[in-house]
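In the working numbering, the protein residues as written are 6 to 449.
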């Protein structure tokens, strides 16, 4: 009995501590503090363990529709021999490349749209200075592979994909390291062979045997070529860190365009909803959760009350995880959270109905609870797995705000399964240990 009381109180205290940590944040040194109230020196030296929901720097980022950001307009600069019949498809490719670049930088809520025939509008949340947005987005000019004499051997259109990889760059490598793996288009293999064959014969002592990767008239990398390479793939290595390897791969991918993109407009944009609308949304969500809790208590009585405790744990845990993952949260992301909350309650409804059926069959409360959870497990697992499959498809195939929705929905489903099948079960068993064993209290 004492052990059950202690464990029940420990769970309640844990939920309370998590709630405070979610609102205030947990940093070292200083314990539970509000980051905005820290001195500049303390903020610089503090290590954030659990970011506050108000901390947009270290925690949950807000989307463009909630917090505003920067807007950049790019215009395609077409070469003289360019085939205008390919413009529509190439603009879609440029749109996809910029979206991939933004997603790689963590701005999943950014929006990239085609304006007219040859312009792209990029809206990035939470970046107030447009110049910072341009710097973060990276260069977008035409990519070239040149030798040291300035001869161009390949362009970005010859590259199928560039990927940052950790491992052995070649069969002769001894240790694992970060490098950039290049994959060429089928018609570019011969051009790459001719380039490496010619460059490998140049004077290595004077540094002439280098293949320069040039982006926006700047050399981003210049690997040495020691032999001719007749392959559809190659690797670029040389003291890369994870960040530098990913940065080079992203720059190469962004440069895969038959034309360059020039910035024609930079400006800051305000939030579309504003602080008042955000507060209204939070109040609406709180009212909705409160009504759900009232319904659960009225219909299922003690199990409904336990479900409300589990729901509080679910909400705080999800906010903590979203903050630790620095998720960009906009309206679609909030919709994913609300939907997963509904699924968490739905799982409890299935469990409690099974428990009531077992009680009506004459089983004891303890036996009915254990049997009810076992019978409900399959239905809960099937429904949540199908939802996770849908969220996974949206995450890997979607872009922009769709990725944000898939992220919050997928995380919410996983956490709701954990709370419904473990925490709710644990707390109901503690109620039995407290000698609360009347079937009427459990909704029968």
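Glycine included, each C-beta is placed from N, C-alpha and C at the ideal position.
Values in this document were obtained by computation on a predicted structure and should not be read as measured data.
- Residue nearest to residue 102 within the set 165, 241 and 382 is 165 (criterion: CA-CA distance).
- Boundaries of the beta strand (DSSP E) harbouring residue 165: 164-172, taken from the DSSP string.
- In this model, residue 55 and residue 244 are separated by some 33 Å (Cα to Cα).
- Sequence-distant Cβ neighbours of residue 215 in its own chain, meaning closer than 6 Å and more than five residues away, are 153, 227 and 229.
- The Cβ-Cβ distance between residue 342 and residue 378 does not fall below 8 Å.
- Counting along the chain, residue 425 sits inside no alpha helix (DSSP H), nor does DSSP assign it H or E at all.
- Under DSSP, residue 75 forms a beta bridge with 129 and 273.
- C-alpha of residue 293 to C-alpha of residue 129: approximately 31 Å in a straight line.
- Taking 8 Å as the cut-off, the beta carbon of residue 371 is found no closer than this to the beta carbon of residue 449.
- Residue 187 and residue 117 have their C-alpha atoms some 26 Å from each other.
- Taken through DSSP and simplified to helix, strand or coil, residue 10 comes out as helix.
- A direct Cα-Cα distance of roughly 24 Å separates residue 31 from residue 419.
- Cβ-Cβ distances below 6 Å link residue 242 to 174 and 184 in the same chain, with the five nearest sequence neighbours on each side left out; the list follows chain order.
- Of the residues assessed, residue 363 falls on the buried side of the cut-off, its CB having 16 or more other CB atoms within 10 angstroms.
- Judged by their CB atoms, residue 224 and residue 257 are not nearer to each other than the 8 Å cut-off.
- Judged by beta-carbon spacing, residue 345 lies within the 8 Å limit of residue 417, meaning their Cβ atoms are closer than that value.
- The shortest CA-to-CA distance from residue 375 to any of 330, 426, 408 and 91 is the one to 426.
- For residue 148, the uninterrupted beta strand (DSSP E) segment begins and ends at 148-151.
- In this structure, DSSP gives residue 366 a state outside helix and strand, which the three-state scheme calls coil.
- Taking a C-beta distance under 8 Å as the contact criterion, residue 295 and residue 316 do not qualify as a contact pair.
- Only exposed fits residue 181, as fewer than 16 other CB atoms lie within 10 angstroms of its CB.
- Spanning the alpha carbons of residue 20 and residue 432 requires a straight line of approximately 13 Å.
- The beta carbon of residue 445 sits closer than 8 Å to the beta carbons of 306 from its chain, once the five residues preceding and following it are set aside; these are given in chain order.
- For residue 242, the three-state secondary structure derived from DSSP is strand.
- Per DSSP, the unbroken alpha helix (DSSP H) holding residue 199 starts and ends at 194-205.
- With a threshold of 16 other beta carbon atoms within 10 Å, residue 394 falls short and is exposed.
- Residue 284 and residue 160 have their C-alpha atoms roughly 50 Å apart.
- Taking C-beta atoms as the reference points, residue 413 and residue 400 fail to come closer than 8 Å.
- When DSSP states are grouped into helix, strand and coil, residue 372 belongs to the helix group.
- One thing to note: residue 126 has its Cβ no nearer than 8 Å to the Cβ of residue 201.
- Setting aside the 5 residues that flank it on each side, residue 158 is surrounded in the same chain by 150 and 200, each with a C-beta closer than 6 Å to its C-beta; the list follows chain order.
- For the pair residue 253 and residue 99, the CB atoms are not nearer than the 8 Å cut-off.
- The shortest C-alpha to C-alpha distance from residue 332 to any of 211, 10, 14 and 58 is the one to 58.
- No Cβ-Cβ contact shorter than 8 Å links residue 310 with residue 299.
- Leaving aside the five residues that flank residue 124 on each side, the residues in its chain whose CB is nearer than 8 Å to its CB run, in chain order, 78, 79, 80, 81 and 269.
- Put simply, the backbone Cα of residue 68 is about 18 Å away from that of residue 290.
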